[in-house]
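Residue numbers (the working numbering): 38 to 460.
Encoded structure:
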């Protein structure tokens with residue numbers, strides 16, 4: 038499902054009156070701080086919505102930028118649409134039509150994607166099975182708990198893996214803090230318990246029932262940013278192949294011309310060293326396979342490990358390498374990990390050699406987590422009976438949506454009466 042969207046568009050796509058009202062709304066609303074004095078609302082976050090309303094971020098300037106989760110119109114973000122075009126249109130229409138009550142606004146298909154979160158849920162047999170699986174992902178074995186694996190990296194970006202203690206339990210991050218993309222794994226049941234939908238927060242029994250229903254559900258989220266989409270635009274099939282070797286500034290100029298030629302108004306950042314090319318919703322919905330991006334982020338985790346001998350590891354390395362010498366060097370590097378430890382072994386080779394050995398060892402069946410422990414392992418697919426893609430069909434979720442819809446009318450009226458009237 039599409040979990041969160043950050044959409045941006047030039048202000049010229051709106052009527053001047055609408056932009057003027059939105060800017061007054063952004064800059065002139067006041068609230069009372071903890072001392073009882075009136076203070077201006079924070080301008081850095083744009084339009085700030087009170088805590089009693091399901092929030093969204095809206096910033097107005099030369100561009101209008103909207104960021105929100107489907108919970109704004111749905112009441113929860115457990116499940117939702119996989120269609121980018123449908124999700125963007127629902128979100129834009131709900132915020133600008135249902136909440137702000139503008140007369141006209143740009144169609145959701147015309148907005149440019151600055152961030153997109155893609156989420157899928159997997160059902161494990163029990164919460165204990167999910168907890169043990171998270172331990173395996175982090176390379177926590179033989180009763181020894183560690184904070185996380187030191188590092189994961191792909192060809193271009195450093196991808197640190199970490200485990201954080203959150204109110205909702207352990208959350209595993211892949212690439213936390215990255216400007217490109219971030220993966221996140223956690224238990225959805227515990228997350229609902231810690232952060233219940235606002236429309237049912239005052240019904241603890243219903244919250245407990247929902248948390249129990251989703252206790253064995255693992256949530257896998259991929260947050261992909263415009264910088265990553267722009268940087269890999271050729272790889273994702275968004276721009277012609279001959280763009281791949283162009284310098285950043287030339288790349289941006291040529292991309293703008295290409296988009297203009299196919300009828301799309303170009304939009305890119307002014308950073309000359311690393312300009313970001315923004316693509317509109319309708320173009321990405323047609324050309325970008327976001328399900329494939331999610332799969333590429335998490336596919337390597339959907340495996341269990343079983344021991345194998347050095348001989349079978351070397352045979353596997355030879356099968357996945359283009360030259361026997363590459364297989365032997367990767368095997369020697371793995372033996373160095375066993376003898377001196379992961380950190381020292383990594384420091385003993387160049388960065389490019391480490392990534393080359395790592396990629397080959399991964400292909401041969403040695404996961405990053407297992408490389409930490411220096412034990413030769415082969416990947417075996419999970420039993421599909423035990424772990425399955427989870428699509429809820431819950432009466433409780435339908436009750437949440439109905440409750441949210443019933444409360445929306447009063448909340449929106451209160452927004453206009455208490456908040457928007459100031460602008």
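Even glycine gets a Cβ: it sits at the ideal position worked out from N, Cα and C. It should be emphasised that the depicted structure is a prediction, and the values quoted were computed from it without experimental measurement.
Whole-number beta carbon distance between residue j and residue i, since they are thought to touch under 8 Å
| i | j | result |
| --- | --- | --- |
| residue 128 | residue 109 | 7 Å |
| residue 125 | residue 151 | Between residue 151 and residue 125 the Cβ distance is about 12 Å, and since that is not below 8 Å, they are no contact. |
| residue 301 | residue 312 | Their Cβ separation, rounded to whole angstroms, is 16 Å, which puts residue 301 and residue 312 out of contact at 8 Å. |
| residue 327 | residue 153 | 7 Å |
| residue 334 | residue 255 | That pair is no contact at about 14 Å. |
| residue 209 | residue 171 | 6 Å |
| residue 325 | residue 157 | Wrong, their Cβ atoms sit about 17 Å apart, outside the cutoff. |
Residue from the options whose Cα sits closest to the Cα of residue i
| i | options | result |
| --- | --- | --- |
| residue 437 | 56, 116, 57 | 116 |
| residue 213 | 248, 258, 246, 224 | 258 |
| residue 272 | 447, 330, 54 | 330 |
| residue 434 | 60, 58, 245, 119 | 245 |
| residue 107 | 49, 354, 163, 41 | 41 |
| residue 394 | 155, 348, 372 | 372 |
| residue 431 | 249, 216, 154 | 249 |
| residue 323 | 308, 275, 287 | 275 |
| residue 397 | 377, 426, 364, 388 | 364 |
| residue 52 | 391, 429, 134, 141 | 141 |
| residue 98 | 294, 135, 60, 132 | 60 |
| residue 224 | 380, 367, 251, 303 | 251 |
| residue 455 | 62, 50, 48, 57 | 62 |
| residue 350 | 161, 426, 402 | 402 |
| residue 54 | 93, 139, 95 | 139 |
| residue 441 | 358, 386, 239, 361 | 239 |
| residue 429 | 160, 309, 222 | 160 |
| residue 457 | 137, 314, 286 | 137 |
| residue 308 | 320, 387, 288, 370 | 288 |
Which residues DSSP lists as bridging residue i, in chain order
| i | result |
| --- | --- |
| residue 221 | 210, 258 |
| residue 315 | Paired residues: none, contrary to the question. |
| residue 426 | 159 |
| residue 304 | Paired residues: none, contrary to the question. |
| residue 102 | 45, 96 |
| residue 153 | 42, 261 |
Neighbourhood of residue i by C-beta distance below 6 Å, restricted to the same chain and skipping five residues each side
| i | result |
| --- | --- |
| residue 234 | 112, 113, 437 |
| residue 399 | none |
| residue 391 | 383 |
| residue 50 | 143 |
| residue 293 | 303 |
Beta-carbon contacts of residue i that lie in its chain and below 7 Å, excluding the five residues immediately before and after
| i | result |
| --- | --- |
| residue 444 | 236 |
| residue 46 | 100, 101, 143, 147, 148, 149 |
| residue 278 | 271 |
| residue 216 | 262, 264 |
| residue 243 | 237, 433 |
| residue 283 | 291 |
| residue 296 | 303 |
| residue 354 | 364, 367, 368, 397, 401 |
| residue 90 | 448, 452 |
| residue 118 | 38, 39, 124 |
| residue 357 | 397, 400, 401 |
| residue 247 | 229, 433 |
Unbroken alpha helix (DSSP H) run spanning residue i, endpoints
| i | result |
| --- | --- |
| residue 440 | 432-451 |
| residue 351 | 347-357 |
| residue 291 | 285-298 |
| residue 327 | 327-335 |
| residue 241 | 241-250 |
| residue 216 | Segment: none, residue 216 is in no alpha helix (DSSP H) and carries neither H nor E. |
| residue 399 | 388-401 |
| residue 266 | 263-268 |
| residue 108 | 108-111 |
| residue 127 | 121-129 |
Extent of the continuous beta strand (DSSP E) run through residue i
| i | result |
| --- | --- |
| residue 47 | 39-47 |
| residue 139 | Element bounds for residue 139: n/a, residue is neither H nor E. |
| residue 95 | 94-97 |
| residue 364 | First-last for residue 364: 361-377, but that is the alpha helix (DSSP H), not the beta strand (DSSP E). |
Sequence-distant residues of the same chain with beta carbon closer than 8 Å to residue i, five excluded per side
| i | result |
| --- | --- |
| residue 44 | 102, 103, 104, 125, 128, 129, 145, 148, 149, 150, 151, 318 |
| residue 422 | Confidence in residue 422 is poor, its pLDDT being 46 and thus under 50, which makes the residue's placement unreliable; the coordinate value appears in the next sentence. Within the same chain, residue 422 has no close Cβ partners at all. |
| residue 48 | 56, 97, 98, 99, 100, 101 |
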